[in-house]
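**Student:**
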Amino acid sequence: MGFVCTRSPCTENMASSSSYNSPCAACKFLRRKCMPGCIFAPYFPPEEPQKFANVHKIFGASNVTKLLNELPPHQREDAVNSLAYEAEARVRDPVYGCVGAISFLQRQVQRLQKELDAANSDLIHYACSEIPTALPAPPGPSSIQSMAPRQRLIDHYDRIGMGNEGGYYEAPAIPTPYNLPWNDNPSGDNSAAGGGSNM
Amino acid sequence: MISGRCAACKYLRRRCPSDCIFSPYFPSNIPQRFACVHRIYGASNVAKMLQQLPAHLRAEAANSLYYEAQSRTQDPVYGCVGVISLLHQQIHSVESQLAKTEAEIAVLNSLAQEPAQIQENEVEATFNNFLLEQDIIASRRFSHSTYISSNFI
Numbered sequence: 001m002g003f004v005c006t007r008s009p010c011t012e013n014m015a016s017s018s019s020y021n022s023p024c025a026a027c028k029f030l031r032r033k034c035m036p037g038c039i040f041a042p043y044f045p046p047e048e049p050q051k052f053a054n055v056h057k058i059f060g061a062s063n064v065t066k067l068l069n070e071l072p073p074h075q076r077e078d079a080v081n082s083l084a085y086e087a088e089a090r091v092r093d094p095v096y097g098c099v100g101a102i103s104f105l106q107r108q109v110q111r112l113q114k115e116l117d118a119a120n121s122d123l124i125h126y127a128c129s130e131i132p133t134a135l136p137a138p139p140g141p142s143s144i145q146s147m148a149p150r151q152r153l154i155d156h157y158d159r160i161g162m163g164n165e166g167g168y169y170e171a172p173a174i175p176t177p178y179n180l181p182w183n184d185n186p187s188g189d190n191s192a193a194g195g196g197s198n199m
Numbered sequence: 001m002i003s004g005r006c007a008a009c010k011y012l013r014r015r016c017p018s019d020c021i022f023s024p025y026f027p028s029n030i031p032q033r034f035a036c037v038h039r040i041y042g043a044s045n046v047a048k049m050l051q052q053l054p055a056h057l058r059a060e061a062a063n064s065l066y067y068e069a070q071s072r073t074q075d076p077v078y079g080c081v082g083v084i085s086l087l088h089q090q091i092h093s094v095e096s097q098l099a100k101t102e103a104e105i106a107v108l109n110s111l112a113q114e115p116a117q118i119q120e121n122e123v124e125a126t127f128n129n130f131l132l133e134q135d136i137i138a139s140r141r142f143s144h145s146t147y148i149s150s151n152f153i
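For the record, the sequence lines run as chains A and B.
Numbered according to full-length UniProt numbering, the first sequence spans residues 1 to 199.
Numbered according to full-length UniProt numbering, the second sequence spans residues 1 to 153.
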């Protein structure tokens, strides 16, 4: 029945207790008493000190408090985890933070999309190209009225249900970061005002 | 002269010194840029982050901070992480489609080679059947003629 710092966002029913409460990582870091109802306590357990340290370094405690207060309780855990992720990314890469990962992934999507386009072109080529029948006519009165190879391909195409499926993948639009130095189409402008953000 | 202040110093209502850490990256004509960054990170955190970097990297850092701040403003729960998650889903989806398409190409490729082989086999079978029929006909004629001749004698 003592106050227990948990990771679940069930903060509303925490009651004060006379038993010893282990302060959450935030209150330990800030060297203050961890009061019942501490907004950080559910999301910054004492066994993960680095999580709050990163978040505090990048965003600051008061900004995090403001952000969490603007959210309903059931969304706060996800918000804290995403803030912790961004903070850690920024600590590891002080210049680009998360944006470096976004640019990398976008280039990967573009590369895969090109591969898919090329594969779809090959598929259409196979489906539509005519294969010449260079075989001699069979001797004798009878002859096999064999299906033309192109027709066999089309029939097979229909049988396996390709039809119009497997078409081109259209990625939903995602705002691209401003042009990074390694982007394919650099704007050539790295000045502050010319950030070129598409958001 | 007050009008020379950068967007940050205007926002913070202070004098803009000549060595202001913000002024190269937060020009006065884009006030929302600093407002957005300030809302998420705070002025002192941004100043600290920029000061810890060599000068030639600060522009990129300011741009990426602005991008992340914008993402967080638009999506207060997930921010940039939502974008990353969506990109992972896209990659997975395109990879699946690519694998499927490549498999279909492999099938069509093998099918394209098959008909020639089948035609050859079928032509040969037909020819063999024809020869067999001719043999049967010939043997029947021979038997008949033998029968007739045997009966005639």
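Glycine included, C-beta positions come from ideal geometry on N, C-alpha and C.
All of these numbers come straight from a predicted model, not from anything done at the bench.
Answer with yes or no whether the minimum CB distance from Leu-68/A to chain B is below 7 Å.
**Tutor:** On the first sequence, position 68 is the one that residue 68/A refers to. Output row for Leu-68/A: interface = no.
**Student:** What is the DSSP secondary structure of Phe-104/A, counted as helix, strand or coil?
**Tutor:** Here residue 104/A refers to the residue found at position 104 of the first sequence. The answer is helix: DSSP assigns Phe-104/A an H, G or I state.
**Student:** In the segment 45-79 of chain A, which residues sit with their C-beta less than 9 Å from some C-beta in chain B, listed in chain order?
**Tutor:** Lys-57, Ile-58, Phe-59, Gly-60, Ser-62, Asn-63, Lys-66, Leu-67, Glu-70, Leu-71, Gln-75, Arg-76, Asp-78 and Ala-79
**Student:** Need the endpoints of the alpha helix (DSSP H) that Ile-30/B sits in, please.
**Tutor:** Counting from 1 along the second sequence, the entry for residue 30/B is found at position 30. That residue, Ile-30/B, is in no alpha helix (DSSP H); it is neither H nor E in DSSP.
**Student:** Considering just the uninterrupted stretch of the alpha helix (DSSP H) at Lys-66/A, what are its terminal residues?
**Tutor:** By 1-based counting over the first sequence, the position of residue 66/A is 66. Looking at the DSSP string, the run of the alpha helix (DSSP H) that includes Lys-66/A is 61-69.
**Student:** Any C-beta of chain A sitting closer than 7 Å to the C-beta of Ile-136/B?
**Tutor:** Taking the first residue of the second sequence as position 1, residue 136/B is located at position 136. Interface residue (Cβ-Cβ distance to chain A less than 7 Å): Ile-136/B is not classified as such.
**Student:** Excluding sequence positions up to five away, which residues of its chain have a Cβ less than 8 Å from the Cβ of Cys-80/B?
**Tutor:** Within the second sequence, numbered from 1, the residue matching residue 80/B stands at position 80. Leaving aside the five residues that flank Cys-80/B on each side, the residues in its chain whose CB is nearer than 8 Å to its CB run, in chain order, Tyr-67, Glu-68, Ser-71 and Arg-72.
**Student:** May I have the straight-line CA-CA distance separating Lys-66/A from Leu-108/B, to the nearest angstrom?
**Tutor:** Within the first sequence, residue 66/A is the residue found at index 66, counting from 1. Within the second sequence, residue 108/B is the residue found at index 108, counting from 1. Rounded to whole angstroms, Lys-66/A to Leu-108/B spans 59 Å at the Cα level.
**Student:** Please report the residue range of the alpha helix (DSSP H) in which Glu-60/B lies.
**Tutor:** Position 60 of the second sequence, counted from the start, is the residue given in the question as residue 60/B. Its alpha helix (DSSP H) spans residues 58-74.
**Student:** In or out: His-56/A buried (at least 16 other Cβ within 10 Å) or exposed?
**Tutor:** Here residue 56/A refers to the residue found at position 56 when the first sequence is read from its first residue. By the 10 Å Cβ count, His-56/A comes out buried.
**Student:** Nearest to Phe-52/A by alpha carbon, out of Ala-84/A, Leu-68/A and Ser-62/A?
**Tutor:** Numbered from its first residue, the first sequence carries residue 52/A at position 52. Ranking the options by Cα distance to Phe-52/A, first place goes to Ala-84/A.
**Student:** So which residues on chain A does Tyr-78/B lean against when the C-beta distance must stay under 8 Å?
**Tutor:** Stepping through the second sequence from its first residue, residue 78/B is reached at position 78. Within chain A, the residues near Tyr-78/B are Asp-78, Ala-79 and Ser-82.
**Student:** For Pro-42/A versus Ser-22/A, is the C-beta distance shorter than 7 Å?
**Tutor:** The count along the first sequence starts at 1 and reaches residue 42/A at position 42. The count along the first sequence starts at 1 and reaches residue 22/A at position 22. For the pair Pro-42/A and Ser-22/A, the CB atoms are not nearer than the 7 Å cut-off.
**Student:** Answer with buried or exposed for Arg-5/B, where buried requires no fewer than 16 other C-beta atoms within 10 angstroms of its C-beta.
**Tutor:** In the second sequence, counting from the first residue as 1, residue 5/B sits at position 5. Result: buried.
**Student:** Could you tell me the distance, in whole angstroms, from the CA atom of Asp-19/B to the CA atom of Ser-93/B?
**Tutor:** Taking the second sequence and counting its residues from 1, the one referred to as residue 19/B is at position 19. Taking the second sequence and counting its residues from 1, the one referred to as residue 93/B is at position 93. If you take the alpha carbons of Asp-19/B and Ser-93/B, they lie about 49 Å apart.
**Student:** Along chain B, which residues have their Cβ under 8 Å away from the Cβ of Leu-116/A?
**Tutor:** The residue given as residue 116/A occupies position 116 in the first sequence. By Cβ distance, chain B contributes Val-94, Gln-97, Leu-98 and Thr-101.
**Student:** Report the residue from Val-109/A, Cys-27/A and Arg-31/A whose alpha carbon sits nearest the alpha carbon of Ser-85/B.
**Tutor:** Position 85 of the second sequence, counted from the first residue, corresponds to residue 85/B. Looking at the Cα atoms, Val-109/A is the closest of the given residues.
**Student:** Return the chain-ordered list of same chain residues with a C-beta closer than 7 Å to the C-beta of Ile-21/B, the five sequence neighbours on each side being excluded.
**Tutor:** As a working mapping, residue 21/B is identified with position 21 in the second sequence. Ala-47, Leu-50 and Gln-51, listed in sequence order.
**Student:** Under the three-state reduction of DSSP, which class applies to Lys-33/A: helix, strand or coil?
**Tutor:** Within the first sequence, residue 33/A is the residue found at index 33, counting from 1. Coil.
**Student:** Flag Ala-61/B as yes if its beta-carbon sits less than 7 Å from any beta-carbon of chain A, otherwise no.
**Tutor:** For the purposes of this step, residue 61/B is taken as the residue at position 61 of the second sequence. True, the Cβ-Cβ gap to chain A drops below 7 Å.
**Student:** Going along the chain, which residues of its own chain have a beta-carbon closer than 8 Å to the beta-carbon of Cys-98/A, five neighbours each way excluded?
**Tutor:** Counted from its first residue, the first sequence places residue 98/A at position 98. Closer than 8 Å at the Cβ level, and outside the excluded window around Cys-98/A, lie Tyr-85, Glu-86, Ala-89 and Arg-90.
**Student:** Using a Cβ-Cβ distance under 7 Å, would Cys-98/A count as near chain B?
**Tutor:** Mapped onto the first sequence, residue 98/A falls at position 98. Yes, Cys-98/A lies at the interface with chain B (some Cβ there is under 7 Å from its Cβ).
**Student:** Just verifying my parser: in three-state terms, what is the DSSP assignment at Tyr-168/A?
**Tutor:** Here residue 168/A is taken as the residue at index 168 of the first sequence, counted from 1. Bear in mind that the predicted position of Tyr-168/A carries a pLDDT of just 44, short of 50, making it too unreliable to give a figure here.
**Student:** Quick check: is the beta carbon of Tyr-85/A nearer than 7 Å to any beta carbon in chain B?
**Tutor:** Here residue 85/A corresponds to residue number 85 of the first sequence, with the count starting at 1. Chain B, which has a Cβ nearer than 7 Å to the Cβ of Tyr-85/A, makes this yes.
**Student:** Ala-119/A and Leu-98/B - do their beta-carbons sit closer together than 7 Å?
**Tutor:** If you number the second sequence from 1, residue 98/B lands on position 98. If you number the first sequence from 1, residue 119/A lands on position 119. Yes, they are a contact pair.
**Student:** Buried or exposed, going by whether 16 or more other CB atoms sit within 10 Å of the CB of Leu-87/B?
**Tutor:** If you number the second sequence from 1, residue 87/B lands on position 87. So Leu-87/B counts as buried.
**Student:** Mind checking if Gly-4/B is an interface residue toward chain A, Cβ cutoff 7 Å exclusive?
**Tutor:** Position 4 of the second sequence, counted from the first residue, corresponds to residue 4/B. No, Gly-4/B does not count as interfacial toward chain A.
**Student:** In chain B, which residues lie less than 8 Å from Tyr-126/A when you measure between Cβ atoms?
**Tutor:** As a position in the first sequence, residue 126/A is number 126, starting the count at 1. Correct list: Ile-105, Leu-108, Asn-109 and Ala-112.
**Student:** Note down, in chain order, each residue of its chain lying with its Cβ closer than 6 Å to the Cβ of Glu-60/B, except the 5 sequence neighbours on either side.
**Tutor:** Locating residue 60/B in the second sequence gives position 60, where the first residue counts as 1. Cβ neighbours of Glu-60/B beyond the five flanking positions: none.
**Student:** Report, in whole angstroms, the separation of the C-beta atoms of Ile-91/B and Leu-116/A, which I expect to be a contact under 8 Å.
**Tutor:** The count along the second sequence starts at 1 and reaches residue 91/B at position 91. The count along the first sequence starts at 1 and reaches residue 116/A at position 116. That belief does not hold up - the Cβ atoms of Ile-91/B and Leu-116/A are roughly 11 Å apart, past 8 Å.
**Student:** Relative to the ligand GTP, is the shortest distance from any of its heavy atoms to the C-beta of Ala-106/B smaller than 6 Å?
**Tutor:** The ligand GTP is not part of this structure, which contains no ligands at all.
**Student:** Between the segment 31-44 of chain A and chain B, which residues of the former have a C-beta closer than 7 Å to a C-beta of the latter?
**Tutor:** none
**Student:** Could you name the residues of chain B that Ala-119/A contacts, counting a contact when the two beta carbons are closer than 7 Å?
**Tutor:** Here residue 119/A corresponds to residue number 119 of the first sequence, with the count starting at 1. At a C-beta separation below 7 Å, Ala-119/A has these neighbours in chain B: Leu-98, Thr-101, Glu-102 and Ile-105.
**Student:** For chain A, is any of its Cβ atoms less than 7 Å away from the one on Tyr-67/B?
**Tutor:** Translated into positions along the second sequence, residue 67/B becomes position 67. Yes - at least one Cβ of chain A is within 7 Å of the one on Tyr-67/B.
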